[in-house]
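A short worksheet on the structure shown next.
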Amino acid sequence: MIYLKTVGQYLFIFFIILCINFALPRIAPGDPAIYLVGEDIQNMSDEERNNVLAEFKLDRPVLTQFKHYIAGIFNGDLGTSLIYGLPVWSVVLSRLPWTLLVMGVSLVITVLIGMVLGIVAAWKRGGNKDVGSLITVMFMGSLPPFWIAMLLITLFSATLEWFPSFGAYAISAEPGSFEFFVSVLDRLFLPVLTLTLVNAGRMFLTTRSSMIMAMEEDYVMMAHAKGLKEIAVVFKHAFRNALLPVYTYTVLEMGQLIAGAAIIETVFSYPGIGNTIYESVIARDYSLLQGCFLIISISILLANFIADLGYPLLDPRVRRSVTVG
Amino acid sequence: MKRFLQRYTSDKRFLIAGTIILGLLLLSSAFAPLIAPFDPYAQTCTPFARPSSAHWLGCNDMGQDLFSELLYGGRTSLFVGLFAAFYATLVATAVALFSGYIGGRVDTILMRIVDVVMALPFLPLVIVLGVFIGPGIGTQIFVIALVMWAPSARELRSQVLKIRETDYIDASICMGSSSVSVIFRHVLPELMPLVIPQFIRIAQSAILIESSLSFLGLGNPIIKSWGSILFFANTRTAFLTGAWLYWVLPPGFCIALAVLSFAFIGFSLGGKAGMEYKPYGSFIRKLRKKGGQHPKGKAMVVDNLSVVYHSQGKHLAAAKNVNLSLNRNEIIGVVGESGCGKSTIAMAILSLLKAPSEITSGTVYLGEKDLLKIPSDEFYRLRGKRLAFIPQNAMSVLNPVVSIKNQIVEAIQTHQDLTSERAGERALELLDMVEIPRERADSYSHEISGGMRQRIVLAMALANDPEVLIADEPTTGLDVLIQKEIINLLVKLKESFSLSVVFITHDLPLVVSFADRLAVMYRSRLVEQGRMENLLKAPRHAYTKGLLASFPRLKEEKRWRRPLVGNKTDPLMQVINVSKTYRASRRFPGRQKREVKALRAVSFEIRKGEIVGLIGKSGSGKTTLAKLMMGLEQPDQGEIIFNSTHLHTLGSFKRQAILRDLHLIFQDPYQSIRNGMRILDVISEPLKISGMAHTANIKNRVREALDEVNLPTGDDFLNRNPSELSGGQRQRISFARAIVNKPKFIIADEPTSMLDVSLRQGMLGLMESIRAKYQVGFLFITHDLALARHFCDRLLVLKDGVQVEEGESDTVINNPVHPYTRALVDAVREPDLLDPDKNGRKSA
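In order, the protein sequences belong to chains A and B. Quick note on our numbering: the first sequence kicks off at 1 and runs consecutively. Quick note on our numbering: the second sequence kicks off at 1001 and runs consecutively.
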């Protein structure tokens, strides 16, 4: 029952996203045809123009256009990319895995580092050492991601020449070979490092404050009264409960993490979705831009959905309860 | 402002640092045209010039001075950040107030919109929107605000929901406030401190987003900003030449500093910087040599125990030279008011005191061992094994995410080397012992009732056959009948485990019914201890005498005897055959429709100057009845007539006029008065609601009311904040607020139950004087049967929404008709000074 409701909510949000994606070029000021067909349309004669519009079905009523748009999405037809001359769908799908790779790896590292340090900080809080580490963490979190990326490139690529700063793999390497694998790791290092530096701080602060709150709870005192050792109390009772807000936070921040990745990809010329968005903006390739936006929205939605389904495993309180609106 | 800072900031160093950095950045940007040495838009030097004395940071590819660019760049970045944050916070607050306060369908729709916005990948959305709307600072502010408001709206809404649930909001509604004035008078002021951190958070992100957009070249490239400086530096590959040092680093640092200043302020306002973490058991012990020696034959002996709390240079003695001895297989009751040091002693015995406290003297012998000599990191072998503890707040001591069986298993395995299966078996046996059906073993604490939770805690405490059990207020907050069950169980288990129990409570009548000995604490000292009968017969200390006298006995001569009003006057409040059913809304077909019959055919009358007691446990319909009588809800059936007006048919405007004559006093004096208001504003609220505007008149009425409740009436007091007052004073403020508008009828919902015993008498006297002076009719809601009998003229007993008994107090108590009333009367076991054998304790 709960799952059904969740699915319903997600389908609703998905539908809204489709509508926004459809509406974006149409509500923009100026001639929507420019956004949908390309700038050339301005230089055409009226007849040519009408032909082109007809080809893109832009002369039909909005509702019909919407039907075609929805049908297109389910048939995998998102139009054609101007820059690549390929179907938007295939361009987007070829870029998605790279984004997922950078995102996934940095997310795992960020969560692990942020959580471990957060627990330790909450436990050993107070004193100058804690204030020092807090300032460090907040400073790291305040640095603009793209700027860190630029400095890392300056240091590791330009000066030390340890890591390449371009692309996702060596073009010379044969896909599937060991060499290829190493070249992927080589190029993954700096983007992941950047994202981790930027995002671990927020994770750290969230964990720290949830832990501090959990450690004030009455069940922590009960655990002590049972005779548990400090470390068992911290991990079995305080952390087990602090995990819930941390989990929720991570899910909510997923969008932000992807956003950070978009810029990082651009700086490292990493062939992911974020970089593709940038390319399509620069080249005024609006179909591609729409496609990228759609795929990112769907990815975030899916990630949220999976996380939502996982939450009851962590918190028994939502497992059997029925929400009464 | 000062009060705000004290209340909501945790670490001032962060706040000061953040404000200084932000201030400097704002000033340098605002005065950029005055400070900047050159016009950043003009070519003033050779392109790519290195730093020199004239051009501190050198020049860019266009020959523009980089330092001047930096100063001007701050204007754009900070402007966009602050304005985007301002608009986003404004929208978020409005949505939160609207959605959270009004609720219902509006709330559902707004929250769906928030869900959608939050599911959108915001940076790509900002980029896409920016492209479609066109570049420019206005666009940036618009799109950043557009995507940033949603998380704040959700966060603030949940705060609004919390605020809406508080008693002071209910109180304001009961006084007749409209929604709009409740929002502006209470919700918004209370929400403001939480709005500011949201503003800070958004500003922080907005500055980063702005710089990212400009860096990607998606801002307005003509206008200088820190991001666009970096954009040009990047496109001119400044970072591959030596130029990165003066071209790339400074703007990046500026962005970082701006964001960091907001982060500092936000962190400080977030209130979680946290004081130093003090683990349990981290107290200081500076024991003077030698206390007592190990006495034979006793289960535990506390000798000369003193505890001092150190805070901010003050040294507060929490326990002074306490001696307490516990025989084997006996229960000693420790009674005293809140703050008298009862819990401190428990924590000291268990070595669970936290750091600012110090044990300055004493010994605690448990058998052969002096517990205070055992290092705290070895104490865990004792705690939970020989020495068990039931902490205060039994309702929340269970871990919410671990099943109850696993929590008992944990208690067992901490001290016994058993396999999981054996420990599981043992846990089930313990469940049997505390009379919980085995099939509940896999439940979680939210799925079981308060009484069951208390049993589970008891099972955990007894898991390792302890010698001594210390129970700190273990039954507080439970219903009377459940209290009785738990106590019976405890006494039974005491026998079978041959357990020695220290039972700490504020509830003297409760502990008298089963404890063997009694110890009385007063102001950090243990003033008296001895066998229960002796102590009850001949209390020596003045405090004990007062304490024993302050509890009216159920069966003694009625203390407040008023001439019976009878049928001589017209009834003031008539409740005729009233029923009310709540239905859970049916969203999905197939889900069972749930109905709660809150009230079924309730009828009674209250006359002028009469006090009627309403008795019933939580969930019996007391609150619903009060709401109906205040006209806040409509009955499904029946009539409520107040002063010959039909309350249930009134429109909201007329109801507001009627509420001048009706007042509801809440149980909890801390919750029902909002701390952010001056005392003058608290008490004058009913006057303002009923349209009084003249300040001097208002002040005079407030002074009269304060005088009536025996509180100071000076301007100094009127301007004070309620948070500085004690519980008793706060409840007097509630009464002052109740009578300021001279109402005809007052509903008092357990007005004395949260107060210490010594204050209750005064409060009852106050109510009696109000009754006598203004001939106010009272409905007195309580669970204390003895008090109700003495204080009320007539009693009404509710059980599950049904009125099971109604009549004169003496008749109801002496000859209860309904079995439920009889059970309630039986559950009252009380100190009987003259005849200790007759009060039922021997049979327990």
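Note that CB positions come from ideal geometry on N, CA and C, so glycine has one too.
Go ahead and pull the three-state DSSP assignment for residue i.
i	result
Ala121 of chain A	helix
Thr1645 of chain B	strand
Glu230 of chain A	helix
Arg1525 of chain B	strand
Pro1279 of chain B	coil
Met1192 of chain B	helix
Pro1571 of chain B	strand
Ile941 of chain B	No answer is possible for residue 941 of chain B: the residues shown for chain B start at 1001 and end at 1844.
Arg1732 of chain B	helix
Gly1274 of chain B	Low per-residue confidence applies at Gly1274 of chain B: pLDDT is 47, beneath 50, and the placement is therefore not dependable enough to give any value.
Tyr1309 of chain B	strand
Pro316 of chain A	helix
Phe1389 of chain B	strand
Lys1373 of chain B	helix
Ala1036 of chain B	coil
Ser321 of chain A	Only weak support is given to the placement of Ser321 of chain A: the predicted model assigns it a pLDDT of 44, under 50, and the value that follows is read from those uncertain coordinates. Three-state result, Ser321 of chain A: coil.
Ala1206 of chain B	helix
Ile16 of chain A	helix
Met1300 of chain B	strand
Would you tell me roughly how many angstroms separate the C-alpha atoms of residue i and residue j, rounded to the nearest one?
i	j	result
Ala1049 of chain B	Trp147 of chain A	22 Å
Val1825 of chain B	Leu1785 of chain B	7 Å
Val1612 of chain B	Arg1794 of chain B	5 Å
Val1182 of chain B	Val1143 of chain B	33 Å
Pro316 of chain A	Thr6 of chain A	17 Å
Leu1493 of chain B	Ile1504 of chain B	18 Å
Pro1466 of chain B	Gln1416 of chain B	13 Å
Leu1687 of chain B	Gly1104 of chain B	31 Å
Ala1256 of chain B	Phe1264 of chain B	12 Å
Val102 of chain A	Leu188 of chain A	7 Å
Leu314 of chain A	Leu244 of chain A	7 Å
Ile1733 of chain B	Leu1706 of chain B	7 Å
Leu1865 of chain B	Ser1753 of chain B	This structure leaves residue 1865 of chain B out entirely; chain B is present only between 1001 and 1844.
Ser1644 of chain B	Ala1388 of chain B	60 Å
Gln1392 of chain B	Lys1342 of chain B	11 Å
Gly1367 of chain B	Ala1827 of chain B	36 Å
Ser1212 of chain B	Leu193 of chain A	18 Å
Phe1031 of chain B	Leu1725 of chain B	48 Å
Leu53 of chain A	Leu18 of chain A	22 Å
Arg1730 of chain B	Ala1318 of chain B	24 Å
Relative to the alpha-carbon of residue i, which residue among the options has its alpha-carbon at the smallest distance?
i	options	result
Lys1545 of chain B	B:Val1520, B:Ser1524, B:Leu1796 and B:Arg1561	B:Val1520
Val1491 of chain B	B:Arg1523, B:Leu1458 and B:Asn1464	B:Leu1458
Gly1018 of chain B	B:Gly1631, B:Glu1421, B:Ile1200 and B:Glu1685	B:Ile1200
Pro1135 of chain B	A:Leu301, A:Val281, A:Ile135 and A:Leu289	A:Val281
Leu1022 of chain B	B:Leu1082, B:Thr1623, B:Gly1058 and B:Gly1530	B:Leu1082
Gly126 of chain A	B:Gln1731, B:Gly1451, B:Val1740 and B:Ala1355	B:Ala1355
Ser1620 of chain B	B:Met1347, B:Thr1782 and B:Ser1420	B:Thr1782
Asp1377 of chain B	B:Leu1352, B:Ser1357 and B:Ser1396	B:Leu1352
Point to revise | Cβ contact (3+ pairs, closer than 8 Å) linking the stretch 1794-1811 of chain B and the stretch 1599-1613 of chain B | key: Between the stretch 1794-1811 of chain B and the stretch 1599-1613 of chain B there are three or more inter-stretch CB-CB distances shorter than 8 Å, so the stretches are counted as touching.
**Study point:** Cβ contact (3+ pairs, closer than 8 Å) linking the stretch 224-240 of chain A and the stretch 62-73 of chain A
**Key:** Between the stretch 224-240 of chain A and the stretch 62-73 of chain A, the count of Cβ pairs shorter than 8 Å is below three; the stretches do not touch.
**Study point:** Contact set between the stretch 1246-1260 of chain B and chain A, restricted to residues whose Cβ is under 7 Å from the partner
**Key:** Within the stretch 1246-1260 of chain B, the qualifying residues are Val1248, Gly1252, Ile1255, Ala1256, Val1259 and Leu1260.
Practice item. Please confirm if the stretch 131-151 of chain A is in contact with the stretch 216-226 of chain A, defined as three or more CB-CB distances below 8 Å between the two stretches. Key: Verdict: no, contact absent.
Practice item. Pull out every residue of the stretch 1389-1405 of chain B whose Cβ sits closer than 9 Å to any Cβ of chain A, in chain order. Key: Answer set for the stretch 1389-1405 of chain B: Phe1389, Ile1390, Pro1391, Gln1392, Asn1393, Ala1394, Met1395, Ser1396, Val1397, Leu1398, Asn1399, Pro1400, Val1401, Val1402 and Ser1403.
Review point. Closer than 8 Å, Cβ to any Cβ of chain A: which residues of the stretch 1103-1115 of chain B, in chain order?
Key: Sequence-ordered contacts of the stretch 1103-1115 of chain B with chain A read Thr1108, Arg1112 and Asp1115 [C-beta pairs closer than 8 Å].
Exercise for review: Would you check if the stretch 1073-1087 of chain B and the stretch 1202-1212 of chain B touch, i.e. whether three or more CB-CB distances between them fall below 8 Å?
Suggested key: Yes: at least three Cβ pairs fall under 8 Å.
Review point. According to a CB-to-CB cut-off of less than 7 Å, which residues of the stretch 130-144 of chain A neighbour chain B?
Key: Residues of the stretch 130-144 of chain A whose Cβ lies closer than 7 Å to any Cβ of chain B, in chain order: Met138, Phe139, Gly141, Ser142, Leu143 and Pro144.
Check your understanding: Looking at chain A, which residues of the stretch 1409-1424 of chain B have a Cβ within less than 8 Å of any of its Cβ atoms?
Key -> Listed by position, the residues of the stretch 1409-1424 of chain B near chain A (Cβ gap below 8 Å) are Glu1410, Ala1411, Thr1414 and His1415.
Review point. So does the stretch 1110-1129 of chain B actually touch the stretch 1296-1309 of chain B, counting three or more Cβ pairs closer than 8 Å?
Key: In short, these stretches do not touch, since the Cβ pair count stays below three.
**Study point:** contact_flag[the stretch 68-87 of chain A, the stretch 275-293 of chain A] where n(CB pairs < 8 Å) is 3 or more
**Key:** Contact holds: three or more Cβ-Cβ distances are below 8 Å.
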